[in-house]
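Here's the structure, in structure tokens; my notes come after.
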Amino acid sequence: MTTSSATSDTAAPRADTPTHREIVALAVPLILSSLTQPLLSAVDTALAGHMRDATSLGAVTLGAQAFNLVFWGFVFLRMGTAALTAQARGARDSRAESDLLMRALGLAVGAGALLVLLRAPLLGLLADLFDAQGALRARAFDYCGARIWSLPFGLANYVILGWLLGARRAMTGLALQLLVNAVNLAVALALVLGFDAGVAGLGAATAVADATGCIAGLVLLARAGLLRLPGAALRDAAAWRALVAMNGTLLVRTAALLAVFSAFTRHGAGQGEVILAANGVLMSVATFVTYGIDGFANAAQTLVGTAIGARDPAQARRAVLRPLLWAGLLALPCVVALWLAGPPLIDAMTDLPEVRAAARRHLLWLALWPVAAVGAFMFDGIYIGAVLLRELMWAVLGAAVLFFVAVGPAMAVLGNHGLWLVLDLFLLLRGAVLGGWLRRVVAKAG
Numbered sequence: 354m355t356t357s358s359a360t361s362d363t364a365a366p367r368a369d370t371p372t373h374r375e376i377v378a379l380a381v382p383l384i385l386s387s388l389t390q391p392l393l394s395a396v397d398t399a400l401a402g403h404m405r406d407a408t409s410l411g412a413v414t415l416g417a418q419a420f421n422l423v424f425w426g427f428v429f430l431r432m433g434t435a436a437l438t439a440q441a442r443g444a445r446d447s448r449a450e451s452d453l454l455m456r457a458l459g460l461a462v463g464a465g466a467l468l469v470l471l472r473a474p475l476l477g478l479l480a481d482l483f484d485a486q487g488a489l490r491a492r493a494f495d496y497c498g499a500r501i502w503s504l505p506f507g508l509a510n511y512v513i514l515g516w517l518l519g520a521r522r523a524m525t526g527l528a529l530q531l532l533v534n535a536v537n538l539a540v541a542l543a544l545v546l547g548f549d550a551g552v553a554g555l556g557a558a559t560a561v562a563d564a565t566g567c568i569a570g571l572v573l574l575a576r577a578g579l580l581r582l583p584g585a586a587l588r589d590a591a592a593w594r595a596l597v598a599m600n601g602t603l604l605v606r607t608a609a610l611l612a613v614f615s616a617f618t619r620h621g622a623g624q625g626e627v628i629l630a631a632n633g634v635l636m637s638v639a640t641f642v643t644y645g646i647d648g649f650a651n652a653a654q655t656l657v658g659t660a661i662g663a664r665d666p667a668q669a670r671r672a673v674l675r676p677l678l679w680a681g682l683l684a685l686p687c688v689v690a691l692w693l694a695g696p697p698l699i700d701a702m703t704d705l706p707e708v709r710a711a712a713r714r715h716l717l718w719l720a721l722w723p724v725a726a727v728g729a730f731m732f733d734g735i736y737i738g739a740v741l742l743r744e745l746m747w748a749v750l751g752a753a754v755l756f757f758v759a760v761g762p763a764m765a766v767l768g769n770h771g772l773w774l775v776l777d778l779f780l781l782l783r784g785a786v787l788g789g790w791l792r793r794v795v796a797k798a799g
């Protein structure tokens with residue numbers, strides 16, 4: 354099998370400046386694909402919200418957050434694969450692209466298998482992290498114990514989706530995401546409603562869905578001529594060192610994000626199961642908006658990476674500014690939409706009156722989420738595409754310090770409103786710092 358076959362199904366992107374039409378054509382399927390990502394946890398949250406008590410919903414909220422922690426910890430697999438694929442395509446280096454894919458898949462499957470083997474201490478650590486006790490802890494273990502088998506498949510899916518993003522095959526990525534979510538919904542409904550499997554059934558459904566998506570993705574890559582014997586790619590020590598160094602920086606950045614969002618969940622849990630469940634419902638809705646904006650961030654990541662690989666500063670400049678414009682135009686109407694549609698969305702997520710009431714009291718923070726998140730998420734994509742990862746890391750670390758310093762005093766005065774306020778400030782500061790360093794992205798293309 355020749356390396357040219359690895360890219361024969363998709364022509365390398367042209368080294369020209371992206372137009373608005375090209376950006377939208379790339380971003381729309383990425384938005385749709387990104388919007389499907391929170392559906393796995395959202396389906397679990399919605400089904401748990403219609404169970405008999407708040408404990409099941411709280412357990413799934415904790416479990417979903419725990420798996421978000423794990424998957425976010427390895428999100429560098431998708432980010433790094435996408436950025437390096439785009440740069441390799443911009444430089445027309447098909448061999449580097451193919452080798453990258455094989456190394457990333459090996460890393461993903463190996464890491465996922467190791468986590469499954471260490472599942473007992475891992476689940477205990479996650480439960481302690483969220484301070485889950487009693488019935489809440491037991492039910493969260495039921496959910497997580499079933500879902501943990503998804504890890505090798507889910508991490509491999511990160512690599513597959515990252516390659517598809519870097520190769521501008523957004524529609525194929527969307528099809529895979531839709532397949533995963535359709536399988537998850539069908540299996541969850543069958544296990545929970547048909548067999549009364551409870552929260553364990555929700556976790557098992559997600560594992561089955563991730564496995565199905567991974568198998569389909571590998572079949573797709575094999576048919577496209579992208580899979581080959583990985584010996585040479587895996588023996589390249591210099592390439593491994595570069596990959597580990599890049600991913601190490603991304604891991605520090607991601608660890609800071611995880612620390613902040615874990616603290617958010619933990620502070621919510623400390624206010625009782627009702628506030629924990631209400632925050633989970635609001636975060637599930639907010640995540641849809643976040644992933645919608647992230648579609649343009651992913652588009653910018655690919656376009657910036659391609660421009661830098663092609664050494665084209667003019668292309669890099671427009672690859673930065675034009676997706677930012679479109680993301681801002683998307684975020685503003687989302688504020689109004691969330692304010693107006695928030696109550697029925699909350700009602701759709703849970704039948705519990707006390708959780709509905711608590712979520713409605715904090716509806717303002719849900720409505721403000723798009724404005725707070727747009728800069729942070731867009732600049733994430735831009736800086737990852739440019740592989741300016743130290744800047745990204747330091748911006749997140751600085752904003753995380755603000756969060757941990759301010760969250761205690763803010764909650765002492767404002768309660769759960771203070772918790773949401775400080776989270777929004779964390780997002781805003783990330784965007785402000787990275788926006789101030791934006792010229793470095795274009796300079797790298799020169």
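In case it helps, the working numbering puts the sequence shown at residues 354 to 799. Positions of the beta carbon are idealized from the N, C-alpha and C atoms, including for glycine. It should be emphasised that the depicted structure is a prediction, and the values quoted were computed from it without experimental measurement.
- The alpha helix (DSSP H) enclosing Q530, as first and last residue numbers: A523 to L542
- Task: Note down, in chain order, each residue of its chain lying with its Cβ closer than 8 Å to the Cβ of G681, except the 5 sequence neighbours on either side.
- Result: V727
- Message: Quick check: L379 and A652, are their CB atoms within less than 8 Å of each other?
- Response: yes
- Query: Does the stretch 450-459 come close enough to the stretch 524-542 to have 3 or more Cβ pairs within less than 8 Å?
  - Reply: no
- Query: Three or more C-beta pairs closer than 8 Å, one from the stretch 542-551 and one from the stretch 481-490: is that the case here?
  - Reply: no
- Item | Reference A499, options T438, L573, D397 and R448, closest by Cα | D397
- Message: In the DSSP assignment, the alpha helix (DSSP H) including S447 goes from what residue to what residue?
- Response: Following the DSSP letters along the chain, one finds S447 inside the alpha helix (DSSP H) bounded by residues S447 to L470.
- Task: Can you say whether F424 is buried or exposed, counting buried as having 16 or more other CB atoms within 10 angstroms of its CB?
- Result: buried
- Query: Along the chain, which unbroken stretches of the alpha helix (DSSP H) at least 4 residues long are found entirely within the stretch 615-699?
  - Reply: 626-662
- Using the C-alpha atoms, what's the distance from T602 back to R743? Rounded to whole angstroms, R743 to T602 spans 7 Å at the Cα level.
- Query: How far does the alpha helix (DSSP H) with M432 in it reach, from first residue to last?
  - Reply: F429 to G443
- Query: From N769, T703, M432 and I376, pick the residue whose C-alpha is nearest to that of R606; which is it?
  - Reply: M432
- Task: Please report how far the alpha carbon of D406 lies from the alpha carbon of G658, in whole angstroms.
- Result: Looking at the backbone, the Cα of D406 and that of G658 are separated by about 48 Å.
- Message: If I follow the unbroken alpha helix (DSSP H) through L774, where does it start and stop?
- Response: From DSSP, the alpha helix (DSSP H) with L774 extends over N769 to G789.
- Item | Supposed close pair P723, V688 - CB separation, criterion 8 Å | 6 Å
- Under 8 Å between the Cβ atoms of A798 and F779? no
- Query: Can you list, in chain order, the residues of its chain whose CB lies under 6 Å from that of N632, leaving out five sequence neighbours each side?
  - Reply: G621
- Could you check which residue in V749, F641, T640 and T703 has the C-alpha nearest to that of A785? V749
- Item | Nearest to L437 (by Cα), restricted to the options V512, L787, F617 and L604 | V512
- When you compare each of V766, A564, D700 and I735 to R792 by their alpha carbons, which one comes out closest? When each option's Cα is compared against that of R792, the closest is I735.
- For Q418, collect the residues of the same chain with a Cβ closer than 8 Å to its Cβ; drop the 5 residues on either side in sequence, then sort them by chain order. F483, F614, S615, T618 and G633
- Could you tell me whether the Cβ atoms of V552 and Y644 are closer together than 8 Å? no
- Query: By DSSP, does L388 sit in helix, in strand, or in coil?
  - Reply: helix
- Message: When you compare the CB of S615 with every CB in chain E, is at least one pair closer than 8 Å?
- Response: Of the protein chains in this structure there is only one, and it is not chain E.
- Query: How is L741 classed by DSSP in three states: helix, strand or coil?
  - Reply: coil
- Message: Check whether the stretch 460-480 and the stretch 755-765 touch, using three or more Cβ-Cβ pairs below 8 Å as the test.
- Response: no
- Based on Cα-Cα distance, which residue from A725, A509, G768 and V381 lies nearest to T640? The shortest C-alpha separation from T640 is found at A725.
- Task: Check M404 in the structure and name its three-state DSSP category.
- Result: Correct three-state label for M404: coil.
- Check each candidate in L674, L383, R714 and F420 and name the one with the smallest Cα separation from D647. Distance check between D647 and each of L674, L383, R714 and F420 places L383 closest, using alpha-carbon atoms only.
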